[in-house]
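Beneath this line is the structure, given in structure tokens, with notes to follow.
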Amino acid sequence: MVGKDCVAIACDLRLGMQALTVSNNFPKIFSYGDVYLGLTGLATDVSTVSDLFRYKVNMYRLREERNISPQTMANLVSSSLYERRFGPYFVSPVIAGLNQTTGKPFICGFDSIGCIDFAKDFIVSGTASDQLFGTCEGLWEPDLVSA
Amino acid sequence: MASVFSGAPPQGGPGYSFTQTPRAAPSGERQHGFYPYTDNGGSTLGISGADFTILAGDTRSTSGYNINTRYAPKLFKIGGEGPDNKGAQIVLSVVGFAADGDALKERLDTIVKMYKYQHGKNMTVSACAQRLSHILYNKRFFPYYVHAILGGLDEEGKGALYSYDPVGSYEREQCRAAGAAASLIMPFLDNQVNFKNQYMPGSGTGHNLQARQAQPLPQNDVEELVRDAFTSAVERHIEVGDGLQMMIITRDGIAETFTPLKKD
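From first to last, the protein sequence lines are chains A and B.
The numbers in the working numbering rise by one with no breaks, and the one at position 9 of the first sequence is 9.
The numbers in the working numbering rise by one with no breaks, and the one at position 171 of the second sequence is 1171.
Listed below in structure tokens is the structure:
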């Protein structure tokens, strides 16, 4: 979610199979320097994809000698997912971060094969996306600040 | 994303149009089917206060990706005098399959009117609520395909709101959203009406954190919440839109309002 000169990203910690809760401590947000990546979907792919991007972002940092920007990360995620067009990772990623050069907040979401959703306000993902769409659409307004 | 398209008719299932005549299978045998239900989309919402109840519903009627009409009311006055229900004190809202909704409204209205002729007094909302449950359960194995919400004032003059599943299981509540956008509206209501997930600022951390206590809201606040809930639902759900019909039940009777919503 975008606010005044800030972004926020949040996830629950539940890991379950439909109604059965398997774990109460399964984080779904991963940090890559200045960029945060949220991953919902198939848990094994959440782990695989988060590790894959840790490797890719580390390689980027070694090559470029700088942190990856949220925009570049978005394109990296998109092309990496589309590479698996006919055998996709079952994840719906969300990116949030501040661009270190411009200072502007940036968020975006993806489907499982890498189509980017550049939203100006908020991105939701996962099993409660309908509920989150309703609350965000009802409560979000431009230039929100942290309490 | 499949949930977004849930309103569309079943793929490969029977059509509803006479232009789609059943085609002969290669073997020469014909198969006919009849599906007695349609989902007409739309959403309804009810909130009860200290001395009033508000029911609301959008007026769009859909079938798949088509719009049947932009004005099909989902709110009905129950009881009162004559076909205009003059002096009625109960409102029924129905969402789901519109034909079943109309049939259900017709049956409940007749029963509540007959009750007054036979007993010489108005039916209480609690009695009407239980009767509605029985009507729904009577068709347990061929249900009215609707989510009903019944609103009025109880014997103490407090706002009363009852919600139902299609087979008559019911409960008195403070607020309830039903229909296509119920999953979008209900968490918003939990937060803004019952103050769920809201805490007193500066009351501490962890177990010391004090939850904000729910209290009955003033009528104007509730009307504003209802409008906000629907304008939000219209943004994110294709089956909701066109118009917002509201009925406000107070001891002075039923006030009806209409607010336009986006038609896209």
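Note that beta-carbon positions come from the ideal geometry of N, C-alpha and C, so glycine has one too.
This one's a predicted model, so the numbers in the text were calculated from it and none came from an experiment.
So which residues of chain B does phenylalanine 133(A) contact, with C-beta pairs closer than 7 Å? Leu1184 and Arg1236
Compare the C-beta of glycine 218(A) against all C-beta atoms of chain B and say whether one is closer than 8 Å. The requested residue 218(A) is not part of the displayed model; chain A covers only 1 to 147.
Exposed unless 16 or more other CB atoms sit within 10 angstroms - verdict on tyrosine 82(A): exposed
Following the continuous alpha helix (DSSP H) through aspartate 51(A), name the residue where it begins and the one where it ends. 43 to 64
Under 8 Å between the Cβ atoms of isoleucine 1249(B) and leucine 1153(B)? yes
Going by C-alpha distance, which of Pro1166(B), Lys1113(B) and Lys1086(B) is nearest alanine 1098(B)? Pro1166(B)
Using the rule of at least 16 other Cβ atoms within 10 Å of the residue's Cβ for burial, across every protein chain shown, is tyrosine 36(A) buried or exposed? buried
Under 8 Å, Cβ to Cβ, is there at least one residue of chain A near isoleucine 1054(B)? no
Buried versus exposed call for glycine 138(A) [16 or more other C-beta atoms within 10 Å across all chains shown]: buried
By alpha-carbon positions, which one of Asn1194(B), Lys1113(B), Gly1046(B) and Met1200(B) ends up nearest to proline 1083(B)? Lys1113(B)
For proline 1143(B), I'd like the list of residues in its chain whose CB is within less than 6 Å of its CB, leaving aside the five on either flank, ordered along the chain. Pro1166 and Val1167
Bridge partners - alanine 96(A), DSSP secondary structure assignment: Tyr36(A) and Ile107(A)
Close Cβ partners of phenylalanine 118(A) (< 6 Å) along its chain, the five nearest in sequence each way excluded: Cys108
Is the beta carbon of glutamine 1245(B) closer than 8 Å to that of alanine 1056(B)? yes
Taking Cβ to Cβ, would you say isoleucine 9(A) is nearer than 8 Å to glycine 38(A)? yes
Would you give the residue range spanned by the alpha helix (DSSP H) that alanine 1129(B) belongs to? 1125 to 1138
Ordered along the chain, which non-local residues of its own chain (more than five positions away) have a Cβ less than 8 Å from that of glycine 3(A)? Pro105, Asp143, Leu144, Val145 and Ser146
Give the interface partners of serine 1232(B) over in chain A, defined as CB-CB distance under 8 Å, in chain order. Gly134, Glu137 and Gly138
Near glutamine 1192(B), which residues of its chain fall below 7 Å by C-beta distance, leaving aside the five closest residues on each side in sequence? Leu1225
Report the rounded CA-to-CA distance for arginine 54(A) versus phenylalanine 133(A), giving the unit in angstroms. 29 Å
Under the three-state DSSP convention, the category cysteine 11(A) falls into: coil
Counting only beta-carbon separations shorter than 8 Å, does aspartate 1270(B) have a partner in chain A? Residue coverage of chain B in this structure runs from 1001 to 1264, which leaves residue 1270(B) outside it and unanswerable.
Need the endpoints of the alpha helix (DSSP H) that aspartate 1221(B) sits in, please. 1219 to 1236
Apart from the five residues just before and just after aspartate 1051(B), which ones in its own chain have a Cβ nearer than 8 Å to its Cβ? Leu1153, Gly1157, Lys1158, Gly1159, Thr1250 and Arg1251
CB threonine 40(A) to CB serine 78(A), shorter than 8 Å? no
Report the three-state DSSP secondary structure of isoleucine 1047(B) (helix, strand or coil). strand
Among Ala74(A), Gln100(A) and Pro88(A), which one has its Cα closest to the Cα of valine 94(A)? Ala74(A)
DSSP puts proline 1260(B) in a beta bridge; with which residues? Gly1243(B)
C-beta atoms of leucine 1184(B) and arginine 1107(B) nearer than 8 Å: no
Report the residue from Gly1151(B), Ala1214(B), Leu1189(B) and Ser1027(B) whose alpha carbon sits nearest the alpha carbon of lysine 1077(B). Gly1151(B)
By Cβ distance, which residues of its chain are closer than 7 Å to valine 46(A), with the 5 residues on each side in sequence left out? Lys28, Leu39 and Val91
Range covered by the beta strand (DSSP E) that runs through threonine 1062(B): 1061 to 1063
Leucine 1075(B) and alanine 1229(B) look like a contact to me (Cβ under 8 Å); what is the Cβ gap, rounded to whole Å? About 15 Å separates the two Cβ atoms, so there is no contact after all.
Alpha carbon of leucine 13(A) to alpha carbon of threonine 21(A), nearest angstrom: 11 Å
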